[in-house]
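The listed protein sequences correspond, in order, to chains A and B. The numbers in this note's numbering rise by one with no breaks, and the one at position 148 of the first sequence is 148. Positions in the second sequence are counted from 1; adding 1000 to them yields this note's numbering. We treat Cβ as the ideally placed atom computed from N, Cα and C, and that holds for glycine.
2 protein chains.
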Amino acid sequence: MARPSDTKTRIQAVARELFALQGIQQTSLRQISDRLGITKPALYYHFASRDDLVRSIIEPMIDDIDRFVTGRERGDPRRLLEDYFDLVWRHREVISMMLRDLNTLSYLDVGERFMAWRRRLVFLLLGDELTVAQQVRATVGLGGMSDCAVEYAHLALDEVKPVAVEAAAAALGLP
Amino acid sequence: MARPSDTKTRIQAVARELFALQGIQQTSLRQISDRLGITKPALYYHFASRDDLVRSIIEPMIDDIDRFVTGRERGDPRRLLEDYFDLVWRHREVISMMLRDLNTLSYLDVGERFMAWRRRLVFLLLGDELTVAQQVRATVGLGGMSDCAVEYAHLALDEVKPVAVEAAAAALGLP
DNA sequence: GTCTATATGATGATAGAC
DNA sequence: GTCTATCATCATATAGAC
C-alpha cells in the first residue's frame, strides 16, 4: 500500500483542532508544530506560509458556498432553504471555528456569556422543559433578529424593528 | 466650565473608530497613539493595559445585556422580543465591531463574500426589487438558520433541519 | 500628562546542514 | 523531510526625565 507522506494532512488535522479550540488568530505555528512533535520550520516544507495553511482549511467551504449560490436559478423557496441549511450544516465546523476567533478574544468571555444570555432569553420566552423543536425555533427567531441589528445598522430603527420582531415571532410560532 | 482632562475619552473614541474599522486585534496601540498625535506610553497613563482599554469599550454592552436578562421575569413574549431588539440595536456598533474581527482576518475576504452570498440567496428566494421589509424577513430567516447549524452542531441533522427550515419559512412569510 | 529610551518576548519566516 | 540557528518585526509594557 503506497502511503504517500501524510504529514501535510496531519498538520491540517492538528491545525483544524487548535483553530476550532482557540480560534485561528490565537493559534501560532509553534503550537501546531509542538503538538505534532516537529519543529516550526518543518511546517514550511508543506505550506508556503501560515496563510497558506489557513487557506487550505477554509477554502473548501468558500468554494462550496460559491458554487451553491452561483450555480443555481430561482425555484421553490422552501427547497432552497433546505439545501442552504444542508450547506451551512456541512461546513458548521469551519464556521464555528471562525466564530471562535470572537470567543477566544476572551475579552470578558463574550462567547460564553452570549450562550448563557440566549438560554435565559429562551426561558423567558418559552419557559422550562423545552423540546428541541422549540429551542431551534427560538434560535432562528433570536439569532435572526440580532443579525438584523448588524446588517441594517445604517437604517432607521422604525424601519427595521417592527418587521424583524414580526418575523421572529413567526419563526417562534407565536400567535 | 471645568473641563477635566478628556484625553481618556479621546483615546476611547479613536480606539472605537479603529476597532470598528479594522477589528480589535488588528489594531495596535501604536496606531491609536499615532492618530492622537501622542506616543504609545502616554496611553498607559490612562489605561493600565491594552485589555483595560478594550474592556472599557465593550463593558457597557456586557453590563447592559446582563442587566436585561437577569432583571426580568416571564411575560408577554412579543414584548420581550421588542425589548430585546432594542437592546441589540442599541449596541449594534460594538457588536459589529467584534464581528469585524472576523472580516478583517481577511482570509479570503470571508466577510465581504458572506454579504454577497446572502444578497444572492435573498434574490433567489424573493427575486428583485425588494422592500426593506422583505429584506429584513429574509435576514431573520437565513441568519437564524445559520445560527442553528452552529448552535446545534452536536445534534443530529434530522432533529434540527426540519424545524429550522420551517421556522425560517415562517419568518420569511412563505405559505 | 507626556516624553525618550528600553526591556522583554512573541511571531512568521529563511538559510543551510543532515 | 526535518533539523539548528537565526532574522526582522512588532507587540505590550516599564523606568525615569521633564
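query	result
Between which two residues does the alpha helix (DSSP H) harbouring A/Phe47 extend?	A/Phe47 -> no alpha helix (DSSP H), and no H or E assigned at all.
Could you check the C-alpha separation between A/Arg10 and A/Pro41 for me, to the nearest Å?	16 Å
Between A/Asp6 and A/Arg92, what straight-line distance do the alpha-carbon atoms span, to the nearest angstrom?	25 Å
Is there a Cβ from chain B that is less than 8 Å from the Cβ of A/Val136?	yes
If you follow the alpha helix (DSSP H) that B/Asp1086 is part of, which residue opens it and which one closes it?	Pro1077 to Arg1090
Determine the chain B residues that contact A/Thr27 at a beta-carbon separation under 9 Å, and present them in chain order.	Under the 9 Å cutoff, chain B gives no residues; its nearest Cβ is about 12 Å from A/Thr27.
Among A/Pro60, A/Met115, A/Phe68 and A/His154, which one has its Cα closest to the Cα of B/Arg1124?	Note on residue identity: the sequence assigns Leu, not Arg, to residue 1124 of chain B. When only C-alpha atoms are compared, the closest one is A/Phe68.
What's the gap between the Cα of A/Asp51 and the Cα of B/Asp1101?	16 Å
Can you give me, in chain order, the residues of the segment 71 to 105 of chain A that have a beta carbon less than 7 Å from any beta carbon in chain B?	Arg72, Arg74, Pro77, Arg78, Leu80, Leu81, Glu82, Tyr84, Phe85, Val88, Trp89, Arg92, Ile95, Ser96, Met98, Leu99, Asp101, Leu102 and Leu105
Is B/Ile1038 helix, strand or coil when you go by DSSP?	coil
Would you list, in chain order, the members of the segment 150 to 165 of chain A that have their beta-carbon closer than 9 Å to a beta-carbon of chain B?	Val150, Glu151, Tyr152, Ala153, Leu155, Leu157, Glu159, Val160, Lys161, Pro162, Val163, Ala164 and Val165
By the criterion of Cβ-Cβ separation under 9 Å, what are the contact partners of B/Ile1032 in chain A?	Neighbours of B/Ile1032 on chain A: none; closest Cβ ~16 Å, over 9 Å.
With 16 other CB atoms within 10 Å as the buried threshold, where does B/Gly1141 fall?	buried
Using 8 Å as the limit for Cβ to Cβ distance, is B/Leu1043 near chain A?	no
Determine the burial state of A/Met98: buried for a count of at least 16 other Cβ atoms within 10 Å of its Cβ, exposed for fewer.	buried
Helix, strand or coil for A/Arg93 per DSSP?	Note that residue 93 of chain A is Glu in the sequence shown here, rather than Arg. Three-state result, A/Glu93: helix.
I believe B/Val1150 touches A/Ser96 by the beta-carbon criterion, under 8 Å. Please report the beta-carbon distance rounded to the nearest angstrom.	5 Å
Where does A/Pro60 fall in DSSP's three states?	helix
Between which two residues does the alpha helix (DSSP H) harbouring A/Pro162 extend?	Leu157 to Leu172
For a contact defined as C-beta to C-beta under 9 Å, what are the partners of A/Arg113 on chain B?	Ile1062, Ile1065 and Asp1066
Which residues in chain A have a C-beta closer than 9 Å to the C-beta of B/Ser1176? List them in chain order.	Any property of residue 1176 of chain B remains undetermined from this structure, which presents chain B solely from 1001 to 1175.
Helix or strand or just coil, what does DSSP make of A/Leu130?	coil
Which value, in whole angstroms, describes the spacing of the CA atoms of A/Arg154 and B/Gln1134?	Looking at the sequence shown, residue 154 of chain A is not Arg but His. Roughly 17 Å between the two C-alpha positions.
With distance defined between alpha-carbon atoms, name the residue in A/Ala171, A/Ser146, A/Gly173 and A/Leu172 nearest to A/Asp160.	Note on residue identity: the sequence assigns Val, not Asp, to residue 160 of chain A. Answer by Cα proximity: A/Ser146.
Whole angstroms is fine: what's the gap from A/Ala169's alpha carbon to A/Glu129's?	20 Å
In whole angstroms, give me the CA-to-CA distance for A/Pro4 and A/Gln22.	Because the pLDDT at A/Pro4 is just 46, under 50, the model does not fix this residue reliably, and the point stays unresolved.
Counting only Cβ pairs nearer than 7 Å, list the residues of chain B close to A/Ser146.	Val1088
Rounded C-beta distance between B/Val1174 and A/Arg78? I'm assuming under 8 Å.	The residue asked about is misnamed: residue 1174 of chain B is Leu in this sequence, not Val. The Cβ separation is near 6 Å, so the contact holds.
Taking 8 Å as the threshold (C-beta atoms), are A/Ala171 and A/Cys148 in contact?	no
Any idea what DSSP makes of B/Glu1073, helix, strand or coil?	coil
Classify B/Met1115: buried if its beta carbon has 16 or more other beta carbons within 10 angstroms, exposed otherwise.	exposed
Whole-angstrom Cβ separation of A/Gln12 and A/Ile58, contact assumed at under 8 Å?	A/Gln12 to A/Ile58, Cβ: 11 Å. No contact.
Verify whether the separation of the beta carbon atoms of B/Gly1144 and A/Thr131 is less than 8 Å.	no
Can you check which of these residues, B/Arg1119, B/Gly1127 and B/Pro1162, is closest to A/Val136 by C-alpha distance?	B/Pro1162
Taking any Cβ of chain A, which residues in the segment 1006 to 1022 of chain B have a Cβ under 7 Å from it, in chain order?	none
Please list the terminal residues of the continuous alpha helix (DSSP H) segment that includes A/Ala20.	Thr7 to Gln22
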